[in-house]
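Q:
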Amino acid sequence: MFHNNSDVRIEAYRGEDPAREIYAGRVLRIAGGGRAFVELLRPRLVELFEVSNQNDLEFAHEVHDPARLYQLTTRAQAWLREDEGFLRAARRLLAAFDTGAQDLRFDGPRLRVVPHDGFRVPAAAPAYYVHRDTWFANPVGQWNWWIPVFDTPAGRGFRIYPECFDRSVPNNSGEFDLNEWNRAGGFQSGKAGDSAADAARQVHPRPNPEWAGENLEGAGRGLAIEGRAGDCVLFSAQHLHGTIPNASGRTRFSVELRSVRPGDSGTPRETDNRSRGSTFTTMRPLRDRDSLQAE
């Protein structure tokens, strides 16, 4: 069950085309929509994170020191991004719940790992910046799909600020250039030699400090996102959101997908994005010759 402290709530997906609701700023939940994907993923994560069993994954921060956990995370991210079996699983998931155009394109799957007390590591600070994905050159018509690998209560998830959906937020997105970002390693690059310090040197757009303040003054009340293992939460890339500092005693694992339907009308109005480039150019088609043959 979801709980939040905002007038905006997470609404259950009821089988309709979700585009209109997402583009209007609503947040949708598909109960168990990613369960098959998660059940396929967990055994492989046990191997990649060098723990004894699936239950130990949430305590990986007790098994490995922060530097080793970062190394294992970047390795797992790189593997998941390119594994053909999981790419097919991601395609099946998207196809099952999207009722729109056949030319849908997607990015991912991406693995996110948020360790217990990870926010206390100075080099990891950018991972907790509140932001819009559009500030990172993501399309304004993009849908974000968030899938928790284990049950994730509100204190271990992330927060959306619905009141900022259609109003401008002062920010430094004008400093973000996608080509420069990719040259510095890109999103979850997982390249050999990467470190949290290297990642911290990249430009991570965020609200201007004088607007945000210590408690995000001006952002309005937040919608805390939580979910059971294998749920899917869908929301617009235009939403202002950020990871909640995790002090729960468990490491949070989640998978993220991004999808765009070219030619859709009614997409959100871009209010404050000045980033350069577009991630759409590297998104995969949902259905291509290879994926159809593999099915």
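To get this note's numbering, take the position in the sequence shown, counting from 1, and add 1012. From the three backbone atoms N, C-alpha and C, an ideal C-beta is built for every residue, glycine too.
#1: DSSP has W1345 in a bridge; who is on the other side?
#2: Per DSSP, which residues does L1023 bridge with? Please list them.
#3: Where S1084 and G1130 are concerned, what is the direct C-alpha to C-alpha distance, given to the nearest angstrom?
#4: Could you tell me how far apart the beta carbons of G1046 and L1105 are, in whole angstroms, since I believe they sit closer than 8 Å?
#5: Just reading off the beta strand (DSSP E) that I1237 is part of, what are its end residues?
#6: Which of the three DSSP states is assigned to D1119 in this structure?
#7: For R1319, count the other beta carbons within 10 Å of its own beta carbon; 16 or more makes it buried, fewer makes it exposed. Which is it?
#8: Return the CA-CA distance between F1049 and G1289, expressed in angstroms with no decimal places.
#9: Going straight from the alpha carbon of N1220 to that of D1284, what length do you get?
#10: According to DSSP, is F1071 part of a helix, a strand, or is it coil?
#11: When you compare the segment 1054-1062 with the segment 1143-1159, are there three or more beta-carbon pairs, one atom per stretch, that lie closer than 8 Å?
#12: What residue range is occupied by the uninterrupted alpha helix (DSSP H) comprising Y1035?
#13: In angstroms with no decimal places, state the Cα-to-Cα distance between G1239 and R1264.
#14: Determine the direct distance from the alpha carbon of P1165 to that of N1016, and round the result to whole angstroms.
A: Let's see:
#1: There is no way to answer for residue 1345, as the model of the chain reaches only from 1013 to 1307.
#2: Stepping through the sequence shown from its first residue, residue 1023 is reached at position 11. This sequence places Glu at residue 1023; Leu is not what is there. Beta-bridge pairing links E1023 to L1040.
#3: By 1-based counting over the sequence shown, the position of residue 1084 is 72. By 1-based counting over the sequence shown, the position of residue 1130 is 118. Before going on, a small fix: residue 1084 reads as Leu here, not Ser. Those two C-alpha atoms are separated by around 15 Å.
#4: One-based indexing of the sequence shown puts residue 1046 at position 34. One-based indexing of the sequence shown puts residue 1105 at position 93. In this structure, G1046 and L1105 form a Cβ contact; the two beta carbons are roughly 6 Å apart against a cut-off of 8 Å.
#5: For the purposes of this step, residue 1237 is identified with residue 225 of the sequence shown, where counting begins at 1. Run containing I1237: L1235 to I1237, per the beta strand (DSSP E) assignment.
#6: As a first step, residue 1119 is located in the sequence shown; it is residue number 107 there, counting from the start. The three-state reading of DSSP puts D1119 in strand, counting E and B together.
#7: In the structure displayed, the chain extends from 1013 to 1307; residue 1319 sits before or after that span and is not available.
#8: The sequence position of residue 1049 within the sequence shown is 37, counting from 1. The sequence position of residue 1289 within the sequence shown is 277, counting from 1. The alpha-carbon atoms of F1049 and G1289 are separated by roughly 31 Å.
#9: Locating residue 1220 in the sequence shown gives position 208, counting from the first residue. Locating residue 1284 in the sequence shown gives position 272, counting from the first residue. Our two residues, N1220 and D1284, have alpha carbons roughly 12 Å apart in a direct line.
#10: Taking the sequence shown and counting its residues from 1, one reaches residue 1071 at position 59. Looking at F1071 - three-state DSSP - the assignment turns out to be coil, as it is neither helix nor strand.
#11: Fewer than three beta-carbon pairs drawn from the segment 1054-1062 and the segment 1143-1159 are found closer than 8 Å, and the two stretches are therefore not classed as touching.
#12: Start at 1 with the first residue of the sequence shown, and residue 1035 comes out as number 23. Unbroken alpha helix (DSSP H) run through Y1035: A1031 to Y1035.
#13: Taking the sequence shown and counting its residues from 1, the one referred to as residue 1239 is at position 227. Taking the sequence shown and counting its residues from 1, the one referred to as residue 1264 is at position 252. Using only the alpha carbons, I get a separation of about 12 Å.
#14: In the sequence shown, the residue the question calls residue 1016 occupies position 4. In the sequence shown, the residue the question calls residue 1165 occupies position 153. Summary for N1016: the model assigns pLDDT 38, below 50, so the residue's position carries little reliability; its value from the coordinates is reported in the next sentence. Cα to Cα, the separation comes out at about 11 Å.
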